[in-house]
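A.B. asks:
Number of protein chains: 2
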Amino acid sequence: MSYKIKSRIWIESENNVLLGEGRVHLLKAIEETGSLSKAAKSLNISYKKAWQLIDSVNKSAKKPVTINSIGGRGGGGAELTEYGKSLINAFDEINKSCWTFLDKQLGKIESL
Amino acid sequence: MSYKIKSRIWIESENNVLLGEGRVHLLKAIEETGSLSKAAKSLNISYKKAWQLIDSVNKSAKKPVTINSIGGRGGGGAELTEYGKSLINAFDEINKSCWTFLDKQLGKIESL
DNA sequence: AATCGTTATATTTGCAAAAACATAACGGTA
DNA sequence: TACCGTTATGTTTTTGCAAATATAACGATT
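From first to last, the protein sequence lines stand for chains Y and P.
For the first sequence, the positions run 1 to 112 when full-length UniProt numbering is used.
For the second sequence, the positions run 1 to 112 when full-length UniProt numbering is used.
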């Protein structure tokens with residue numbers, strides 16, 4: 001019976017999307033699993049989609065966000081760089097503070 | 001060469017979208033033209049899509065946002081209620097303040 | 001050199017959302 | 001009552017995106 005203000009934020013670089021909620025989820029799953037294919041499985045998305053997202057992230061970021069390795073013991077894997085870790089931390093922090101900011105604005109609509 | 005934080009906000013009511021940027025554009029065009037069909041033309045969207053949006057807005061809002069009339073001199077028309085006008089004003093105000101809020105957060109990412 | 005699980009990439013298939021098209025209903029006015 | 005531009009709604013077609021499928025390349029380990 002009451003209104004809610006919802007929001008989505010994302011970071012762009014040169015008009016390309018760098019980071020949004022979906023990409024942050026995927027990066028966190030990579031951090032936990034150590035591989036892109038396992039991360040994709042854990043999020044129920046196809047490996048291809050996951051790869052495209054990570055490829056886009058690394059192409060639009062100033063510095064690498066993940067390090068992907070092919071072959072070798074275990075077939076390879078993917079891991080976050082320090083830059084990648086601090087990027088998702090900053091994103092989460094800003095996103096959360098945006099929610100609380102918007103919550104405070106709700107009264108301006110409820111009172112109409 | 002630098003990042004940007006972008007955002008979209010919208011208002012929901014009972015898990016239905018009430019107002020977003022697209023719907024606000026449409027409502028403003030109705031206010032200017034006095035009819036839904038003219039508003040749709042001015043935004044280059046089909047009349048059907050415009051009608052569906054306005055129908056959804058009025059169904060999820062607590063009070064009517066537009067008054068639509070069929071037939072008569074000129075065939076009919078659509079106009080905003082006072083509630084509708086104040087709703088889009090509040091939305092615009094909150095949206096703008098959200099942008100300036102996020103602008104202030106950008107340093108947390110640029111400095112990484 | 002054979003194996004293995006992974007990254008990387010191309011091609012095809014399916015589906016749902018959007019667009020396009022069509023038509024009915026309405027109610028002042030002349 | 002015939003007309004007109006609008007609201008309202010159903011049906012068909014198109015199209016863009018997601019999913020599914022297939023396959024190559026890689027490199028440490030045995």
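Every residue gets a Cβ at the ideal spot worked out from N, C-alpha and C, and that includes glycine.
This one's a predicted model, so the numbers in the text were calculated from it and none came from an experiment.
(1) Identify the contact partners of P:LEU18 in chain Y, using a Cβ-Cβ distance below 8 Å as the criterion.
(2) Out of Y:GLY77, Y:ARG8, Y:VAL65, state which residue places its alpha-carbon closest to the alpha-carbon of Y:ALA40.
(3) What do you reckon, are the CB atoms on P:ALA61 and P:TYR83 nearer than 9 Å?
(4) Going by the CB atoms, is the gap between Y:SER86 and P:LEU19 shorter than 9 Å?
(5) Does residue 113 of chain P have its Cβ less than 9 Å from a Cβ in chain Y?
(6) Based on the DSSP secondary-structure assignment, which residues constitute the bridge partners of P:ILE9?
(7) Would Y:LYS59 pass as an interface residue toward chain P - the criterion being a Cβ-Cβ separation below 9 Å?
(8) Where do the ends of the alpha helix (DSSP H) carrying P:THR33 lie?
(9) Would you report the Cα separation of Y:SER2 and Y:LYS48, rounded to the nearest angstrom?
(10) Should P:ILE88 and P:GLU79 be called a contact, given that it needs their Cβ atoms to be closer than 9 Å?
(11) Under the rule that 16 or more other beta-carbon atoms within 10 Å means buried, what is P:TRP99, buried or exposed?
(12) Identify, in the order they occur along the chain, each residue of the same chain with its Cβ nearer than 8 Å to the Cβ of P:ASN15, setting aside the five sequence neighbours on each side.
(13) Against chain Y, which members of the segment 20-35 of chain P pass a CB distance test of less than 9 Å?
(14) At a Cβ threshold of 9 Å, is Y:ARG73 touching chain P?
(15) Considering only residues of the UniProt domain "HTH lysR-type" (24-84) of chain Y, which uninterrupted beta strand (DSSP E) runs meet the minimum length of 3 residues and lie entirely inside it, listed in chain order?
(16) What in chain Y is Cβ-close to P:SER7, meaning under 9 Å?
(17) In angstroms, rounded to a whole number, what distance separates the CA positions of Y:LEU26 and Y:LEU43?
(18) Could you please give the first and the last residue of the uninterrupted alpha helix (DSSP H) stretch that includes P:GLU14?
C.D. replies: Per the coordinate set shown:
(1) Within chain Y, the residues near P:LEU18 are TYR3.
(2) Y:GLY77
(3) Yes.
(4) Not closer than 9 Å, so no.
(5) Any property of residue 113 of chain P remains undetermined from this structure, which presents chain P solely from 1 to 112.
(6) Y:SER7
(7) Taking 9 Å as the CB threshold, Y:LYS59 stays off the interface with chain P.
(8) 21-33
(9) Taking the straight line from one Cα to the other gives about 40 Å.
(10) no
(11) exposed
(12) none
(13) Cβ contacts with chain Y: none found.
(14) no
(15) 66-70, 76-80
(16) SER7, ARG8, ILE9, TRP10, CYS98
(17) 7 Å
(18) DSSP places P:GLU14 outside any alpha helix (DSSP H), giving it a letter other than H or E.
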